[in-house]
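Engineer: Sharing a structure here in structure tokens format.
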Amino acid sequence: MQPVNVTAPAMAWRVTHAGIGTLVPVWNQKGASMCDWRRWIWPGIIVTALLTALALWFRSGPIEQELTARVTEAQSATGWAKTVFDGRDATVTGIAPSEEARAAALGQARQAYGVRVARDSSELAPIAEPYAFSATKTAEGVRIGGNFPMASAASAIAGAAATSFPGIKVENAMSMARGAPPAWEEAAGFAMTQLSGLSTGEASISGDTLSVKGIASDDATFEAVTTALAGALPAGLKLGDIAIEPPALSGDYLWSATKTAGSVLLEGYAPSQTERDRIGQQAASANPGLSVDNRLKVASGAAAGFPAWTDAALGALGQLKSGKASIINSDLSVAGLAADTSARDAAGAALKALPEGLKLAS
69 MQPVNVTAPA MAWRVTHAGI GTLVPVWNQK GASMCDWRRW IWPGIIVTAL
119 LTALALWFRS GPIEQELTAR VTEAQSATGW AKTVFDGRDA TVTGIAPSEE
169 ARAAALGQAR QAYGVRVARD SSELAPIAEP YAFSATKTAE GVRIGGNFPM
219 ASAASAIAGA AATSFPGIKV ENAMSMARGA PPAWEEAAGF AMTQLSGLST
269 GEASISGDTL SVKGIASDDA TFEAVTTALA GALPAGLKLG DIAIEPPALS
319 GDYLWSATKT AGSVLLEGYA PSQTERDRIG QQAASANPGL SVDNRLKVAS
369 GAAAGFPAWT DAALGALGQL KSGKASIINS DLSVAGLAAD TSARDAAGAA
419 LKALPEGLKL AS
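Letter 53 of the sequence shown, counting from 1, is numbered 121 in my numbering, and no numbers are missing.
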């Protein structure tokens, strides 16, 4: 007896001669099973992969933000490093003040929890030779320029500028560079302190050489600045070009020498510290044996012939036993007591041969 096949849509019963039925697959003409699992498993795999990719994509933003915040906090003290993320991969950027700082910033990124890989794309600051600083004061404000070695030094110098020039606009044009001498912040601060006493001017440092030029705000600051520069300088500085002009007078330019029995008192103004000292020496030379009390202040505004004028006045006063010689602008007055006729005549002769520009007061 031959077996009889009963066909179902996907499976069929095969009935044998023993009358026992068995469920078996029915093969199509191409030899493929009608229950081929590949017809439904691959679409499922593709959908799962797409959903996973979308989930990771939507999650990458918060992950990058979290890692950026974490590394930024760790690197906050550097003042220069900036780390960007691609997923959990970090890249350190910025201009580093030194190789050591560069390595430290990279280490901070690598050690942050959640970072997979950290790469260094930072650059080293250039070397400045000579290392420089400058501060310029004008009617419009103050501009500081030159170099700073690291972010903390830049902050210290900016703070010193704010202290030295309260209420004045300060433009900061400094840039980071390697090669700073020791105590650079202290040196820059000292330079700005001197500039603060000037109405206009400039204080600059090149290497270890300090130069200051400008016009003093008043007599007190002129004295303070010139005294500070004449003393011991901080941070290994040495003096370069110093050209500080005294403040200009708004009124008359006055000068006087008063002679008593034992001394000569000098009062009024001189155009420079050098001229002040020279007048004191001239007073001692014209009045031998007498002490000289030099109270002259330094102020600009003296006439070009002022040194010759004071010499003439001291020469005439030297012929008197006591008296006073004074100059107001370009007018000379001399009054006093001569020891004898000869001394009186000598004083009179001196007053008749006055230098150019000086005249007797009427």
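Just so it is clear, CB atoms sit at the ideal spot from N, CA and C, and this is done for glycine as well.
What does the Cβ neighbour count give for Leu135, buried or exposed, with the cut at 16 atoms within 10 Å?
Structural biologist: So Leu135 counts as buried.
Engineer: Flag Pro130 as yes when its Cβ comes closer than 8 angstroms to any non-hydrogen atom of the ligand ZN, and as no otherwise.
Structural biologist: The ligand ZN is absent from the structure shown, which contains no ligand whatsoever.
Engineer: Does DSSP put Arg138 in a helix, in a strand, or in coil?
Structural biologist: Here Arg138 sits in helix by DSSP.
Engineer: Three or more C-beta pairs under 8 angstroms: does that hold for the segment 195 to 209 against the segment 152 to 169?
Structural biologist: The answer is no - the segment 152 to 169 does not touch the segment 195 to 209, with fewer than three Cβ pairs under 8 angstroms.
Engineer: Could you compute how far the alpha carbon of Ser410 sits from the alpha carbon of Gly425?
Structural biologist: Going by the C-alpha atoms only, they are around 27 angstroms apart.
Engineer: Apart from the five residues on each side of it in sequence, which residues of its chain come closer than 7 angstroms, Cβ to Cβ, to Ala166?
Structural biologist: According to the sequence as given, residue 166 is Ser; it is not Ala. Within the same chain, Ser166 has close Cβ partners Arg246.
Engineer: If you count every other CB in all the chains shown that lies within 10 Å of the CB of Ile347, and 16 or more means buried, which is it?
Structural biologist: Its Cβ being crowded by 16 or more others within 10 Å, Ile347 is buried.
Engineer: Let's see if you can read the secondary structure: which residues bound the beta strand (DSSP E) around Arg211?
Structural biologist: Per DSSP, Arg211 belongs to the beta strand (DSSP E) from 209 to 216.
Engineer: Determine the DSSP secondary structure at Gly175, reduced to helix, strand or coil.
Structural biologist: Gly175: helix per DSSP, three-state reduction.
Engineer: What are the start and end residues of each continuous beta strand (DSSP E) run of 3 or more residues lying completely inside the segment 346 to 423, in chain order?
Structural biologist: List check, beta strand (DSSP E) in window: 359 to 362, 388 to 396, 399 to 406.
Engineer: From Phe290 to Thr151, what does the alpha carbon distance come to, in whole angstroms?
Structural biologist: In a straight line, the C-alpha of Phe290 is about 50 angstroms away from that of Thr151.
Engineer: Starting from the C-beta of Gly369, find all residues in its chain whose C-beta is less than 6 angstroms away, skip the five residues before and the five after it, and write them out in chain order.
Structural biologist: Answer for Gly369: Ala316, Leu317, Tyr321, listed in chain order.
Engineer: Apart from the five residues on each side of it in sequence, which residues of its chain come closer than 6 angstroms, Cβ to Cβ, to Glu132?
Structural biologist: If we look at Glu132 and ignore the five residues flanking it on each side, its Cβ neighbours are Phe153.
Engineer: Output needed for Ala403: all residues of its chain with C-beta closer than 7 angstroms, excluding positions within five of it in sequence on either side, in chain order.
Structural biologist: Hits under 7 angstroms: Gly391, Lys392.
Engineer: Take Ser189 and list the residues in its own chain whose beta-carbon comes closer than 8 angstroms to its own, dropping the five residues that flank it on each side.
Structural biologist: Cβ neighbours of Ser189 beyond the five flanking positions: Thr159, Val160, Thr161.
Engineer: I'd like the list of long-range same chain contacts for Gly99, defined as Cβ closer than 6 angstroms, with 5 residues on each side in sequence excluded.
Structural biologist: Note that Gly99 has pLDDT 47, beneath the 50 cutoff, so the model's placement of it is unreliable and no number is given.
Engineer: Since Phe290 is in the beta strand (DSSP E), which residue starts that stretch and which ends it?
Structural biologist: Note, Phe290: premise wrong, no beta strand (DSSP E); alpha helix (DSSP H) at 287 to 298.
Engineer: Would you kindly work out how many angstroms separate the C-alpha atoms of Gln349 and Thr328, rounded to a whole number?
Structural biologist: If you take the alpha carbons of Gln349 and Thr328, they lie about 17 angstroms apart.
Engineer: Given this structure, state the Cα-to-Cα distance separating Lys427 from Ala421, to the nearest angstrom.
Structural biologist: Spanning the two alpha carbons is a distance of roughly 10 angstroms.
Engineer: Does the beta-carbon distance from Ile225 to Met242 come in below 9 angstroms?
Structural biologist: Contact flag set, yes.
Engineer: State the Cα-Cα distance for the pair Ile114 and Ala172, rounded to the nearest angstrom.
Structural biologist: Roughly 45 angstroms separates the two Cα atoms.
Engineer: Should the segment 357 to 368 be regarded as contacting the segment 378 to 397, the criterion being three or more beta carbon pairs within less than 8 angstroms?
Structural biologist: Contact fails: fewer than three Cβ-Cβ distances are below 8 angstroms.
Engineer: Glu343 and Arg363: beta carbons closer than 9 angstroms?
Structural biologist: Not in contact: Glu343 and Arg363 (Cβ atoms no closer than 9 angstroms).
Engineer: What residues in its chain sit with their C-beta under 6 angstroms from that of Thr146, if we drop five residues either side in the sequence?
Structural biologist: Result list for Thr146: Ala173, in chain order.
Engineer: Which residue wins for smallest C-alpha separation from Tyr337, given the options Ile312, Ala371, Ala311, Leu307?
Structural biologist: Of the candidates Ile312, Ala371, Ala311, Leu307, the one whose C-alpha sits nearest the C-alpha of Tyr337 is Ala371.
Engineer: Leaving aside the five residues before and after Leu192 along the sequence, list all residues of the same chain whose C-beta is less than 6 angstroms from its C-beta, in chain order.
Structural biologist: So the qualifying residues of the chain are Ala164.
Engineer: Tell me the DSSP secondary structure of Leu426 in three-state form.
Structural biologist: Coil.
Engineer: Quick check on the DSSP output: what are the complete beta strand (DSSP E) runs of length 3 or more inside the segment 236 to 272, in order along the chain?
Structural biologist: With a minimum length of 3 residues, the continuous beta strand (DSSP E) runs that stay inside the segment 236 to 272 are 238 to 244.
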